[in-house]
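Working notes, beginning with the structure itself.
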Amino acid sequence: DTAVSQTPKYLVTQMGNDKSIKCEQNLGHDTMYWYKQDSKKFLKIMFSYNNKELIINETVPNRFSPKSPDKAHLNLHINSLELGDSAVYFCASTTGRLKGETQYFGPGTRLLVL
Amino acid sequence: GENVEQHPSTLSVQEGDSAVIKCTYSDSASNYFPWYKQELGKRPQLIIDIRSNVGEKKDQRIAVTLNKTAKHFSLHITETQPEDSAVYFCAASINYQLIWGAGTKLIIKP
Chain A
231 DTAVSQTPKY LVTQMGNDKS IKCEQNLGHD TMYWYKQDSK KFLKIMFSYN
281 NKELIINETV PNRFSPKSPD KAHLNLHINS LELGDSAVYF CASTTGRLKG
331 ETQYFGPGTR LLVL
Chain B
100 GENVEQHPST LSVQEGDSAV IKCTYSDSAS NYFPWYKQEL GKRPQLIIDI
150 RSNVGEKKDQ RIAVTLNKTA KHFSLHITET QPEDSAVYFC AASINYQLIW
200 GAGTKLIIKP
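Line order of the protein sequences matches chains A and B. 231 is the number of the first residue of the first sequence in the numbering used here; add one for each residue after it. 100 is the number of the first residue of the second sequence in the numbering used here; add one for each residue after it.
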């Protein structure tokens, strides 16, 4: 009974390709996030959606485009993949957006661009 | 904007000893301070959190203290065990997001 799930778990692809990562949460949360974690382990927020509305859009190349078809899903599409995109991408969700609440993370998608 | 600094970046302690990780934040409007543990190859998971109206919180071997005046908070792990080896992240909540520290790699020596 997975709370936050991501697919695929591993993604190996060539430079220049386009790929998508999917995230789903069954917790009934309103807010979802995408994080990038590089080899130095730093967690960098990329996007956040609240009830399908984009509320955080950090300085991320426009090759990255999030899409939220409903509040339980937040997908990430990446165009023209580059070597520097290699990282672990985590999806997370939370119930509150202003007070500060626990974020629940998905298992991560390990992206390797060759 | 909010900035969170975390120290040390690596901490090596003998099994059974205590470990302390410290974080400072810059925005006094931050009101929620969680700590996450990330084991190798796994996702970050919440281990303890504290809100700005509380000075200390304890859960078995882990505790968190918050000093709002000085804008710093700390994670304390007592009687460390091998399974405590992981990367630990602090964070501070502001507006819609958590601002994360850079992480501390905790190594428990047998």
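Just so you know, even glycine gets a beta-carbon here, dropped at the ideal spot from N, CA and C. Since this is a predicted model, take the numbers as computed values, not measurements.
For residue i, count the other beta carbons within 10 Å of its own beta carbon; 16 or more makes it buried, fewer makes it exposed. Which is it?
i              : result
T324 (chain A) : buried
E254 (chain A) : buried
E283 (chain A) : exposed
V234 (chain A) : buried
A128 (chain B) : exposed
G314 (chain A) : exposed
P296 (chain A) : buried
Q267 (chain A) : buried
D183 (chain B) : buried
E331 (chain A) : buried
L273 (chain A) : buried
Q244 (chain A) : exposed
With a threshold of 6 Å on Cβ separation, who are the neighbours of residue i within its own chain once the five nearest residues in sequence on each side are excluded?
i              : result
D148 (chain B) : P133
N309 (chain A) : D248 and R293
T109 (chain B) : K204
Where does residue i sit, in a helix, a strand or coil, going by DSSP?
i              : result
D183 (chain B) : helix
D315 (chain A) : helix
F188 (chain B) : strand
A169 (chain B) : coil
N287 (chain A) : strand
R142 (chain B) : coil
Q196 (chain B) : strand
V103 (chain B) : strand
S310 (chain A) : coil
N305 (chain A) : strand
N280 (chain A) : strand
F335 (chain A) : strand
D116 (chain B) : coil
F272 (chain A) : coil
W325 (chain A) : Per the sequence shown, residue 325 (chain A) should be read as Thr rather than Trp. If DSSP states are grouped into helix, strand and coil, T325 (chain A) belongs with coil.
Q244 (chain A) : coil
R150 (chain B) : strand
L344 (chain A) : coil
S129 (chain B) : coil
K239 (chain A) : coil
Can you check DSSP and say which residues form a bridge with residue i?
i              : result
F320 (chain A) : A:Y265
N256 (chain A) : Partner(s): none; N256 (chain A) has no beta bridge.
A162 (chain B) : B:K157 and B:H175
K249 (chain A) : A:I308
D300 (chain A) : A:H303
S111 (chain B) : B:I206
K136 (chain B) : B:Q144 and B:Y187
So residue i and residue j are in contact, right, with Cβ under 8 Å, and what is the actual spacing, rounded?
i              : j              : result
F188 (chain B) : P143 (chain B) : 6 Å
V119 (chain B) : A191 (chain B) : That belief does not hold up - the Cβ atoms of V119 (chain B) and A191 (chain B) are roughly 18 Å apart, past 8 Å.
Going by beta carbon distance, what residues of the same chain come within less than 7 Å of residue i, once the five residues before and after it are set aside?
i              : result
F320 (chain A) : Y265, Q267, F335, G336 and G338
Leaving out the 5 sequence neighbours to the left and right, which residues in its chain are closer than 8 Å to residue i when beta-carbon positions are compared?
i              : result
G202 (chain B) : Q105, S108, Q137, V186, Y187 and F188
L241 (chain A) : K249, I251, T339, R340, L341 and L342
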